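**Q**
Residue numbers (the numbering used here), protein chains in the order written: chain A, 3 to 116; chain B, 618 to 730.
Written out as structure tokens, the structure is:
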């Protein structure tokens, strides 16, 4: 158990809908990262927050947004969902915000868009 | 941006044999190289990492080597066991703020008893 929690574990929804994924980092970690894992794209970095502020942005679609709250938990919002958004979404956390800080991954949320 | 290539995509070994997974990276400024193990239905788990000021690092049956000149790094697992069966990912990053991990495509390792 990495100490990173994610809810929900599974999510099934329809095209065009909006969902929110939630992540709580390990105690003491200030940075949260979101990743998308699909069969054809592998593990893709989406976005990073450090102590409430956006720190780095990867291949995140405009339909997706995220935020980190004062208690350091983070939410990833996915809107206007398409079939291709079906994937595993992972959250990771680290103590600092540097690229060489160890990242600890949560168990993931499996999103299925029908 | 950084590009990380990982080979092989699948690897099957007999229990007790060694397994080697190789990765190459494109950005010579990258200086942090972690390896993750992902078991079915779980998130990736950090198993070992190496920084560019070190050529080799070992932790029990796992070792990682780094060749900065050639821009490649490798994971070595000795005396493999069935519980080593999983998907392994390499990654690369720079140590600055705002730099993210770029992952390789993954290697599915199967250890046959």
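We treat Cβ as the ideally placed atom computed from N, Cα and C, and that holds for glycine. Being a predicted model, the structure only gives us computed values, none of them experimental.
Hey, residue 98/A and residue 33/A are a contact pair by Cβ (cut 8 angstroms); roughly how many whole angstroms apart?
**A** The residue labelled residue 98/A in the question sits at position 96 within the first chain. The residue labelled residue 33/A in the question sits at position 31 within the first chain. Rounded, the Cβ-Cβ distance is 6 angstroms, consistent with contact.
**Q** Out of 90/A, 80/A, 70/A, state which residue places its alpha-carbon closest to the alpha-carbon of residue 31/A.
**A** Position 29 of the first chain holds residue 31/A. Closest option to residue 31/A, Cα to Cα, is 70/A.
**Q** Run through DSSP, which three-state label would residue 651/B get?
**A** Here residue 651/B is taken as the residue at index 34 of the second chain, counted from 1. Correct three-state label for residue 651/B: strand.
**Q** Assuming the contact rule is C-beta atoms closer than 8 angstroms, residue 87/A and residue 78/A should be a hit. Round their C-beta distance to whole Å, please.
**A** Taking the first residue of the first chain as 1, we reach residue 87/A at position 85. Taking the first residue of the first chain as 1, we reach residue 78/A at position 76. Not really, about 11 angstroms apart at Cβ, beyond 8 angstroms.
**Q** Using a Cβ cut-off of 8 angstroms (strictly closer), state whether residue 54/A contacts chain B.
**A** To locate residue 54/A, count along the first chain from 1; it is residue 52. Residue 54/A does not count as touching chain B.
**Q** Within a Cβ cutoff of 7 angstroms, which residues of the same chain sit near residue 38/A, ignoring the five residues on either side of it in sequence?
**A** Translated into positions along the first chain, residue 38/A becomes position 36. Same-chain partners within the cutoff: 46, 48, 89, 91.
**Q** Report the rounded CA-to-CA distance for residue 29/A versus residue 675/B, giving the unit in angstroms.
**A** Within the first chain, residue 29/A is the residue found at index 27, counting from 1. Within the second chain, residue 675/B is the residue found at index 58, counting from 1. Going by the C-alpha atoms only, they are around 28 angstroms apart.
**Q** Residues of the segment 694-722 of chain B with a CB closer than 7 angstroms to any CB of chain A: list them in chain order, please.
**A** 706, 710, 711, 712, 713, 714, 715, 716, 717, 718, 720, 722
**Q** Could you run through the segment 63-78 of chain A and flag, in chain order, every residue whose CB is less than 8 angstroms away from some CB of chain B?
**A** none
**Q** Taking only beta-carbon atoms, is residue 663/B less than 8 angstroms away from chain A?
**A** Position 46 of the second chain, counted from the first residue, corresponds to residue 663/B. Judged by the 8 angstroms Cβ criterion, residue 663/B is in contact with chain A.
**Q** Please compile the residues from chain A whose C-beta is within a distance smaller than 8 angstroms of the C-beta of residue 668/B.
**A** Numbered from 1 along the second chain, position 51 holds the residue referred to as residue 668/B. Result: 102.
**Q** Cα separation between residue 42/A and residue 722/B?
**A** Taking the first residue of the first chain as position 1, residue 42/A is located at position 40. Taking the first residue of the second chain as position 1, residue 722/B is located at position 105. So the alpha carbons of these two residues sit roughly 9 angstroms apart.
**Q** Taking only three categories from DSSP, how would you classify residue 85/A?
**A** One-based indexing of the first chain puts residue 85/A at position 83. Note: residue 85/A maps to helix in three-state DSSP.
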